[in-house]
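First comes the structure, then the notes that go with it.
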Amino acid sequence: MDLSSLIVPVLLAATAVYALSKKVDVYGALTAGAGEGLSVTVRILPALVGLLAAVYMFRASGAMDWFAQLLAPVLEVLGIPPETAALLLVRPVSGSGALAVGSDLIKTYGPDSYLGRVAAVMLGSTETTFYTIAVYFGAAGITKTRYTIPAALTADLAGFMAAAFSVRLFFGT
Amino acid sequence: MAMAWVWTIMVALSLVFGLCTGRIEAVGTAALQGAEAAVELCLSMAGIICLWTGVMEIMSRCGLTEKLAKCFRPLLRRLLPRASGDTETLAAVSANLSANLLGLGNAATPLGIRAARRMARGTEGIASDELCRLVVLNTASIQLLPTTVAGVRAACGCAAPFDILPAVWLSSVLSVTAGLLMARLLGRLWRT
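Residue numbers (my numbering), protein chains in the order written: chain A, 1 to 173; chain B, 174 to 365.
Okay, here's the thing in structure tokens:
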């Protein structure tokens, strides 16, 4: 038995039992949260339509291959598969854009392929850096961000490299 | 605005490349296919996303977020020693981190902003080392269950969409560590 197949049932049951023991209206909370999830999905749909249209065009025109080839030597040194080049470029700028590019990779190569897994781990272990920085410093009234952007981008790059590395480690290529 | 540029450049480059490679017909069809694929993807991952945001809501209502927050305090005292002196900032930061861990983005951001505003007091618009560290921590994803990605994988016919969890956790830890180390290094070099 695969340990990861336990995660979903155990998490669902343990959360429900614990919450009920704390007298939480488990089902009410579940449906309220699910409603919020639906609004998240609805909110990303328009962005996804626009971006996937552009990504598909970009790929069909051959531009994607050209850029991937251009970046390939650099990425290879870092151990990152060049097919993910577009994802790396979009990830820090747009969350829904990265989701569109990433899901396209997962769909094209298959969710259980090496590339599909790397794309999924990249999406799961990095954030929309520039958006976060803008929101936090904007709200706090900070204009001099000093070294925040280089440090945050270092974290992103490390995340991309680590994604490729950890998928190789746990699943092989 | 950044996305306006990204989108326009992508579409314009597609036109140029399509004309050069003689694949312009495919480019036109691809635009329509992309829009269609977006709706399909959204519909097929809506269920799993809703289920998990529901579970996260249960977790936050039964006090799990606060429990997590308590575990973080010793760690935060070392990472943000000055901010931790103020109990309210410490509470906001630890709640921010635990909401991030549970993937409650909507809850995490206002909490983090509250902490950031308190930490920015009297700094005249210049980010302090600790504020930089807090923001770096928030730009790196530390979500325990990447539910959206799992939704995408499930929508693509994956039988065990969460089998990437160990890989996601390892990458998250490496990424956050790299970001914080870089912040510490640059903080020494970058005197205000």
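Glycine residues also receive a C-beta, built at the ideal position from the N, C-alpha and C atoms.
Taking Q316 (chain B) as the centre and dropping the five residues before and after it, the same chain places the C-beta of N273, L274, G276 closer than 7 Å to its C-beta, in chain order. If you check the CB distance, S94 (chain A) and L48 (chain A) do not come in under 8 Å. The stretch 217-227 of chain B makes no contact with the stretch 58-66 of chain A: fewer than 3 CB pairs, one atom from each, lie closer than 8 Å. Using beta-carbon distances, L249 (chain B) does not count as an interface residue toward chain A, since no partner is under 8 Å. When secondary structure is reduced to three states using DSSP, I221 (chain B) falls in the helix class. In the three-state DSSP reduction, I7 (chain A) falls in the helix class (H, G or I). DSSP places W66 (chain A) in the uninterrupted alpha helix (DSSP H) bounded by 63-78. Listed along the chain, the chain B residues whose CB falls inside 9 Å of the CB of E83 (chain A) amount to none; the nearest CB is some 16 Å away.
Taken in chain order, the whole beta strand (DSSP E) runs of length 3 or more contained in the stretch 187-239 of chain B number zero. Using a CB distance below 8 Å, the part of the stretch 220-232 of chain B facing chain A consists of I222, C223, L224, W225, T226, G227, V228, M229, E230, I231, M232, ordered along the chain.
For I142 (chain A), the closest Cβ of chain B is nearer than 8 Å. Interface residue (Cβ-Cβ distance to chain B less than 8 Å): A72 (chain A) is not classified as such. Residue B:D302 holds the alpha-carbon nearest to the alpha-carbon of L252 (chain B) among B:E239, B:L216, B:D302. Not a single CB atom of chain B sits nearer than 8 Å to the CB of E76 (chain A). Look at I315 (chain B) here: in three-state DSSP terms it is coil, with no helix or strand label. Taking C-beta atoms under 8 Å as the contact rule, A164 (chain A) and I80 (chain A) qualify, at a distance of about 5 Å. For I182 (chain B), the three-state secondary structure derived from DSSP is helix.
Comparing alpha carbon positions, the residue from B:R361, B:V308, B:S345 closest to I149 (chain A) is B:V308.
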